Amino acid sequence: MALELSPEEWQAVRLSLSVASRSVVVSLVPAVGVALLLARGRFPGRSLLDALVHLPLVVPPVVVGWILLMLFGVRGPIGGPLQDWFGIRLVFTTDGAALATAVMSFPLIVRAVRLGLEGVDPGLEAAARTLGAGPFDRFLTVTLPLMSPGILAGAVTAFAAGLGEFGAVITFASNIPGETQTLPLAIYSATQTPGGEAMAARLAGISFALAIGGLLLAELIARRMQMLLGRG
Numbered sequence: 001m002a003l004e005l006s007p008e009e010w011q012a013v014r015l016s017l018s019v020a021s022r023s024v025v026v027s028l029v030p031a032v033g034v035a036l037l038l039a040r041g042r043f044p045g046r047s048l049l050d051a052l053v054h055l056p057l058v059v060p061p062v063v064v065g066w067i068l069l070m071l072f073g074v075r076g077p078i079g080g081p082l083q084d085w086f087g088i089r090l091v092f093t094t095d096g097a098a099l100a101t102a103v104m105s106f107p108l109i110v111r112a113v114r115l116g117l118e119g120v121d122p123g124l125e126a127a128a129r130t131l132g133a134g135p136f137d138r139f140l141t142v143t144l145p146l147m148s149p150g151i152l153a154g155a156v157t158a159f160a161a162g163l164g165e166f167g168a169v170i171t172f173a174s175n176i177p178g179e180t181q182t183l184p185l186a187i188y189s190a191t192q193t194p195g196g197e198a199m200a201a202r203l204a205g206i207s208f209a210l211a212i213g214g215l216l217l218a219e220l221i222a223r224r225m226q227m228l229l230g231r232g
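Just so we're aligned, residue 1 is where the sequence shown starts under UniProt numbering, counting upward by one.
Shown next as structure tokens:
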């Protein structure tokens, strides 16, 4: 099936892989920081922050795309200065598609990292502290390695989810072939085109295979890291 894809279809596949990869790169470090804050922090408004972080999971993706459009559009409070001062335009671009995908997949990384962090034995960190390790050293040598299965699993899961993002991308970045038309958008376009059933079926098969492969890879990585850390 994959060998029968046309150049335009391959373009949608490559664009999906690029957008999903870039979305993970954009959101990974902030997601780890937020997960640390939610898991270890004690401060007023923590529950509200937790709710805001997970909001993209429960609101329609179109709403997320509309909010991004209002904020990062050429006349938005963030998008306007970016365009006027730095010449950066996110709306209706590949970068905008990556941003929308990153926002939608951000909670998935946070949840995975937070679960990994909550599984870290506090006694190991306490032992490192008694041996004279400072907070930064403890994090790099003890906490980060032990929470790494959650980080890797979250990144792969977010990548797989990013391949299927539709609502936020089409609302914020539109459906422009070669620029923002990812796999889900190409499938949608094919279903709206007379005689496009075969194209939709091919792209759906590729999308399904990539999603299953990503989820299996996330599980494999998590198990492998657990074994390396002596937990398997």
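Note that beta-carbon positions come from the ideal geometry of N, C-alpha and C, so glycine has one too. As the structure is a computational prediction, the values presented were derived from the model and not from experiment.
Roughly how many whole angstroms lie between the Cα atoms of V91 and L144? 35 Å
What ranges does the alpha helix (DSSP H) occupy inside the stretch 197-231, keeping only unbroken runs of at least 4 residues that lie completely in it? 197-228
Could you tell me whether the stretch 197-212 touches the stretch 4-14, where touching means 3 or more Cβ pairs closer than 8 Å? yes
Less than 8 Å between the beta carbons of V59 and V110, yes or no? no
To which residues of the same chain is F166 closer than 6 Å at the C-beta, ignoring the five residues directly before and after it? P184
Relative to the alpha-carbon of F139, which residue among S18, R40, D84, Q11 has its alpha-carbon at the smallest distance? R40
Looking at C-alpha atoms only, which residue of L55, L124, G87, W10 is the closest neighbour of M104? L55
With contact counted as at least three CB pairs below 8 Å, one residue from each stretch, are the stretch 122-136 and the stretch 76-91 in contact? no
For the candidate residues V24, G162, S18, whose alpha-carbon lies nearest to that of P61? G162
Count the other C-beta atoms from every protein chain shown that fall within 10 angstroms of the C-beta of P107, then say buried if there are 16 or more, exposed otherwise. buried
Tell me whether the stretch 170-180 and the stretch 212-227 touch, counting them as touching only if at least three CB pairs, one residue from each stretch, are closer than 8 Å. no
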